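Step one of this worksheet: look at the structure below.
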Amino acid sequence: MLVIRSWRTVMRMGWKNLIKTKKGKALIMIGALVIVLVIMIVGLEVTTSPKFCSTCHNMKPYYESWKTSSHNEVNCIKCHAEPGIIPYLKTKANGLVEVAIYLSGNLPTRYDTEVSDKTCLREDCHTQAKLKQEKVDFKKGIPFEHETHLQTLRGEFRLRCTSCHSQIVQSEHMSVAESTCFTCHFKGEDPNQNMAECILCHGALGEIPEAEAKFNHQAILQMGVDCLSCHKEVVKGKGEVHREKCLFCHAEPSRLERFKESSFLHLKHVSEHKVECFQCHDQIKHGVEEWPLSFP
């Protein structure tokens, strides 16, 4: 009603006469403010749509992988902005900066993003209590518990959700790559010892149904036979960190003074920021060679 009355006043007095009065100037200012607010609200709504993100060609692969992921009904902003109005507006402002960079043509060679644990662990998503109760199968025959991985690891750092759930594989949105697991479990460990103990992931396997000859892993374990007696060279690579890799991100020599301080480096690169393991570590491979299904 206020808008209609104001418009009638404008039509009755005319624009030229309206500007000469205090009431007229106030109406013009209010009208301009309303227009700006409407544009801002519509702009915020439009730019919140995942479809809008894909208008930049460099974001299309991420958009396509999001569409086929388990999060495809969750808007980008809900994950990429922490809960609360201030973080929301800050993320939107950063988005405008990224649009400006895109339009300028000065695109980075690599895209990094920070997804806070606060967004993953909010009440209407994945709470810590719920994660600690759930037991999931990472893949067939390999159980996984979040509770163990939410604790301080190796006595020096804590993992973030995105330490494991990332987009190392371009076509898979926030998936867990096995190679990430191998870096933590096998770096600096002897095979089948401590964090590299086979049974931690593989459990006490039973019979192999595919084999023509009967073979039962549980019977072998009860006899005290080491897995490595049969499965040899199951781990390849040491996950070493070469000083030269630091120079890809840190050009200042002073930044490399703490290169050998493992606790400090993991705190900064894993707990406080999302840096992929393989930006620093050499890759570790793990697996068993195919055994013949029949024996001579």
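Residue numbers (the working numbering): 26 to 321. Glycine included, every Cβ here is placed at the ideal spot set by N, Cα and C. Please read all numbers here as calculations on a predicted model, not as lab measurements.
Residues near residue i in its chain [Cβ-Cβ closer than 7 Å; skip 5 each side]
i    : result
T208 : G264, C302, H306 and I309
S94  : H198 and M199
Residue environment, residue i, which counts as buried when at least 16 other CB atoms sit within 10 Å
i    : result
R283 : exposed
V295 : buried
H291 : buried
Q192 : buried
V260 : buried
R268 : exposed
R280 : exposed
L62  : exposed
L52  : buried
K285 : exposed
Option nearest residue i by Cα separation, candidates the options
i    : options                   : result
V313 : S74, L253 and C274        : L253
K155 : T80, E172 and K239        : E172
K270 : V250, P278, Q304 and E277 : Q304
H298 : M248, V140 and G109       : V140
Contact under 8 Å by Cβ, residue i with residue j
i    : j    : result
S326 : H198 : This structure does not reach residue 326, given that the chain is present from 26 up to 321, and the question cannot be answered.
H227 : G166 : yes
C189 : T205 : yes
S287 : E181 : yes
C145 : C81  : no
Sequence-distant residues of its chain with Cβ nearer than 8 Å to residue i (five each side left out)
i    : result
V71  : F77
N217 : C223, D251, C252 and L253
Reduced DSSP category for residue i - H, G, I as helix; E, B as strand; rest coil
i    : result
R147 : coil
L175 : coil
F169 : strand
F289 : helix
D162 : strand
R183 : strand
Cutoff 6 Å; reference residue i; Cβ partners in own chain excluding five residues on either side
i    : result
D137 : none
R183 : T177 and S296
Closer than 8 Å to chain C by CB, residue i
i   : result
E98 : Chain labels in this structure do not include chain C; a single protein chain is all it has.
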